[in-house]
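Quick note on my numbering: the sequence shown kicks off at 90 and runs consecutively.
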Amino acid sequence: MYGIINYEVFLLTGILLNLIPGADTMYIVGRSISQGRKAGVYSVFGIITGSLVHTLLVAFGLSIIL
90 MYGIINYEVF
100 LLTGILLNLI
110 PGADTMYIVG
120 RSISQGRKAG
130 VYSVFGIITG
140 SLVHTLLVAF
150 GLSIIL
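Pasting the structure below:
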């Protein structure tokens, strides 16, 4: 069983996983290096828009189920 004993390990693991850059970060850095700051900013807006649409679709889908 998991208990309060494992809380420190869980907390440390959660922090480390949040600090590791993901695929979207690497995509933005790659675009910014190869095509400039403007392309990087457009990539950020594209990722934010995609995340927002995905979140709204999930919320809408869950509201239909509930």
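We put the beta carbon where it would ideally sit given N, CA and C, even for glycine. Just so we're clear, the structure is a prediction, and the values are computed from it rather than from any experiment.
Going by beta carbons, residue 121 and residue 129 fall inside the 7 Å limit. Contact between residue 117 and residue 132 holds: their C-beta atoms lie close to 5 Å from each other, under 8 Å. No residue range can be given for residue 111, since it is assigned to no alpha helix (DSSP H) and is classified by DSSP as neither H nor E. Shown here, residue 125 sits in coil according to DSSP, grouped into three states, outside any helix or strand. Pairing residue 111 with residue 119, the inter-Cα distance amounts to about 12 Å.
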